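The structure appears right after this line, and notes come after that.
Residue numbers (this note's numbering), protein chains in the order written: chain R, 3 to 293; chain W, 496 to 905.
In structure tokens:
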């Protein structure tokens, strides 16, 4: 019984982190219809920036979240406005090729800048833990989970209540109508990408404090984001959260009760099943109803 | 700083191929071309960079400091033709085939059994020797290849010294659990651990196969805590070693002995774990204090000193192993008094000579002799990696049983 409780707790903690890592990917896919294959690079960029900031300023890496998000916001805006938009204008499939190429290129730039060596962000509480009943919690993972949930809530509130959030949703639901109402769609697309990049950067910090990382890891986080989005549904923080939690639970339960080598097997089995039964994910496309 | 290291390493390989960079006296030297590929980018880049730096350091020293090498009465300058294979076996095989087509006769290995194995198949077919420090999988040495030589024993023979150390500890541990990745090298290394540890009479409680990419080991550690073996042996990649150790600390998963094949050798690993790294054991094939001598660098300390004049990247045993590959080639060529691939192959097979790295001796199948080229065992003690086994190379006695994480953190 204790083992089940521990496994479920571990799965939920891991799932919350997966959710944050995927929400940017989900938003871009939902609003821009772009599969951003450079998502993992943005996640890693966040981790490296947090490492630099936290070492330079001697502060907790989670306190670097605003600064890292600001940098990634700017990079994301410029990336979409000046590169991806041009590719999309020619043919929508170009965006996939472009983001894949950018990912390969930036991975090598990262190796050049940061070396291929593994890096690690070690906050002061990296080795602390606490117990609730029989369940043991790793302090750093719980901190990462709390940061994830706070950020996901903020993003949900931004999309739901802010003027810009409404514009983003309106553009995603009825692009033509938004354009007729005077919305600068290209600007909205770039802003959406910028927000997504900022959240990818924040996810990088959260991942960086729980896992060692190197430029070679970018593919893992793009793939995880893809799976989370397919499981949970496109475009909303709630979908990412559901998908992330499901992925985390499936991973830990499989590792515990089938074997630690099998989480990927069950993850992709679930992916295939869901694509057959519910192709738009558990929560569906957040922007689909009025399309 | 980092940029310079990577740039220097990358350009270093290319620079050797560039005839523009020559010393004045090098004009009279014949070129001794040694080809190959190394992973400077991609999954294996971290260690690939070390291997590359080792090759380049040895070649630079021999050319610039020693003024070349004499083989069968002629003086030669080593010309490395190393290319980045991006950790991709397909790319590596293409690069090597092209070099064979262009007439290269001698090859150095890439890093990673998944790359060394297919490239060795190509050099074998062309009857060109390959000396390598990056592939230990049994598959490389059990296919009847005659032209590939490795600086380590094959994976299933690499844990002989580890098991011997465990047997010598007091009180003698009785049980162990094993963690490994689902990839060619880790799985074969795990087989080696099982053969050696079971052979020494240790009881195996569990074995856990992790996926190639690991993000969480909490469930594995829950199982470890449930049975609490005396020893936990991890033959995983360095990133996974760090993850396992960190989660062990955070979940207070204590064992009397934690062995991690890769990881504790790296300064970044020890720095990340801080005082919690104390008493963790690892394999170590070389350190600056090994007692071997040679006619090139003199000894390991001098090799390390020269390396540091060229690179700021911390030295690792792969650097020394790679440099020893070049020394091995030269000594074999001198022994053969020939640069014919077949003759050099015969000399390599008969090799029994000392380099600053180790005594070089290969098994009949081409992998390193398990005694001469077998692993030493290192242990982190006060932040430094000490050699605790074998006795001949010991720099400190082993700490056993290891303090619990609570005591380490106090």
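Using N, Cα and C, we set each Cβ at its ideal position, and we do this for glycine too. Being a predicted model, the structure only gives us computed values, none of them experimental.
Short CB-CB distance (under 8 angstroms) between residue i and chain R
| i | result |
| --- | --- |
| residue 705 of chain W | yes |
| residue 733 of chain W | yes |
| residue 541 of chain W | yes |
| residue 593 of chain W | no |
| residue 816 of chain W | no |
| residue 830 of chain W | no |
| residue 518 of chain W | For residue 518 of chain W, the predicted structure reports a pLDDT of 47, less than 50, and the residue's modelled location is therefore unreliable. The matter cannot be settled from this model. |
| residue 904 of chain W | yes |
| residue 548 of chain W | no |
| residue 551 of chain W | no |
| residue 727 of chain W | no |
| residue 656 of chain W | no |
| residue 897 of chain W | no |
| residue 711 of chain W | yes |
| residue 685 of chain W | no |
| residue 807 of chain W | no |
Neighbour flag for residue i against chain W, beta carbons, 8 angstroms
| i | result |
| --- | --- |
| residue 113 of chain R | yes |
| residue 247 of chain R | no |
| residue 142 of chain R | yes |
| residue 258 of chain R | yes |
| residue 39 of chain R | no |
| residue 268 of chain R | no |
| residue 262 of chain R | yes |
| residue 63 of chain R | no |
| residue 5 of chain R | yes |
| residue 56 of chain R | no |
| residue 110 of chain R | yes |
| residue 285 of chain R | no |
| residue 218 of chain R | yes |
| residue 214 of chain R | yes |
Supposed contact pair residue j and residue i - C-beta distance, whole angstroms, cut 8 angstroms
| i | j | result |
| --- | --- | --- |
| residue 702 of chain W | residue 672 of chain W | 7 angstroms |
| residue 576 of chain W | residue 524 of chain W | Wrong, their Cβ atoms sit about 16 angstroms apart, outside the cutoff. |
| residue 12 of chain R | residue 711 of chain W | 7 angstroms |
| residue 32 of chain R | residue 287 of chain R | 7 angstroms |
| residue 646 of chain W | residue 863 of chain W | 6 angstroms |
| residue 53 of chain R | residue 738 of chain W | Rounded, the Cβ-Cβ distance is 16 angstroms, inconsistent with contact. |
| residue 104 of chain R | residue 40 of chain R | 5 angstroms |
| residue 35 of chain R | residue 94 of chain R | 7 angstroms |
| residue 746 of chain W | residue 713 of chain W | 7 angstroms |
| residue 779 of chain W | residue 871 of chain W | 5 angstroms |
| residue 613 of chain W | residue 581 of chain W | The Cβ separation is near 14 angstroms, so there is no contact. |
| residue 880 of chain W | residue 706 of chain W | Not confirmed; about 29 angstroms, so no contact. |
Residue j beta carbon less than 8 angstroms from that of residue i
| i | j | result |
| --- | --- | --- |
| residue 19 of chain R | residue 63 of chain R | no |
| residue 690 of chain W | residue 603 of chain W | no |
| residue 244 of chain R | residue 193 of chain R | no |
| residue 851 of chain W | residue 787 of chain W | yes |
| residue 237 of chain R | residue 160 of chain R | no |
| residue 731 of chain W | residue 628 of chain W | no |
| residue 784 of chain W | residue 890 of chain W | yes |
| residue 78 of chain R | residue 264 of chain R | no |
| residue 791 of chain W | residue 822 of chain W | yes |
| residue 207 of chain R | residue 67 of chain R | yes |
| residue 631 of chain W | residue 653 of chain W | yes |
| residue 117 of chain R | residue 734 of chain W | no |
| residue 900 of chain W | residue 715 of chain W | no |
| residue 867 of chain W | residue 853 of chain W | yes |
| residue 248 of chain R | residue 26 of chain R | no |
| residue 573 of chain W | residue 554 of chain W | yes |
| residue 611 of chain W | residue 775 of chain W | no |
| residue 650 of chain W | residue 697 of chain W | no |
Contact set between residue i and chain A, taken where Cβ atoms lie within less than 8 angstroms
| i | result |
| --- | --- |
| residue 265 of chain R | Here the protein chains are R and W, and chain A is not one of them. |
*Could you list the residues in the segment 113 to 140 of chain R with a C-beta less than 8 angstroms from some C-beta on chain W, going in chain order?*
113, 114, 115, 116, 117, 118, 119, 120, 121, 122, 124, 128, 129, 130, 131, 138, 140
*Just by C-beta distance, which residues in the segment 760 to 789 of chain W are closer than 9 angstroms to chain R?*
761, 763, 764, 766, 767, 768, 769, 771
*Check each residue of the segment 155 to 188 of chain R: if its Cβ is closer than 8 angstroms to any Cβ of chain W, include it; give the result in chain order.*
Flagged: no residues at all.
*Completely contained alpha helix (DSSP H) runs for the segment 522 to 578 of chain W, where each covers 4 or more residues*: 540 to 555, all fully within the segment 522 to 578 of chain W.
_Short-range partners of chain R found in the segment 738 to 751 of chain W, where Cβ spacing is below 8 angstroms_ = 738, 741, 742, 744, 745, 746, 747
*Got a sec: which bits of the segment 669 to 683 of chain W sit with their beta carbon under 7 angstroms from any beta carbon on chain R, in order along the chain?*
677
*In the segment 103 to 157 of chain R, which residue ranges form an unbroken beta strand (DSSP E) of at least 3 residues, counting only runs that do not cross its ends?*
131 to 134, 137 to 140
*chain R contacts from the segment 850 to 874 of chain W (Cβ-Cβ distance under 7 angstroms)*: If you check each beta-carbon in the segment 850 to 874 of chain W against every beta-carbon of chain R, none falls closer than 7 angstroms.
_Which runs of the beta strand (DSSP E) at least 3 residues long sit entirely within the segment 636 to 709 of chain W? Give them in chain order._
643 to 645, 670 to 676, 698 to 705
*Could you please tell me which residues of the segment 574 to 588 of chain W, in chain order, have their CB closer than 7 angstroms to any CB of chain R?*
none
*Scan the segment 5 to 19 of chain R for residues whose Cβ lies nearer than 7 angstroms to a Cβ of chain W and list them as they occur along the chain.*
5, 8, 9, 12, 16
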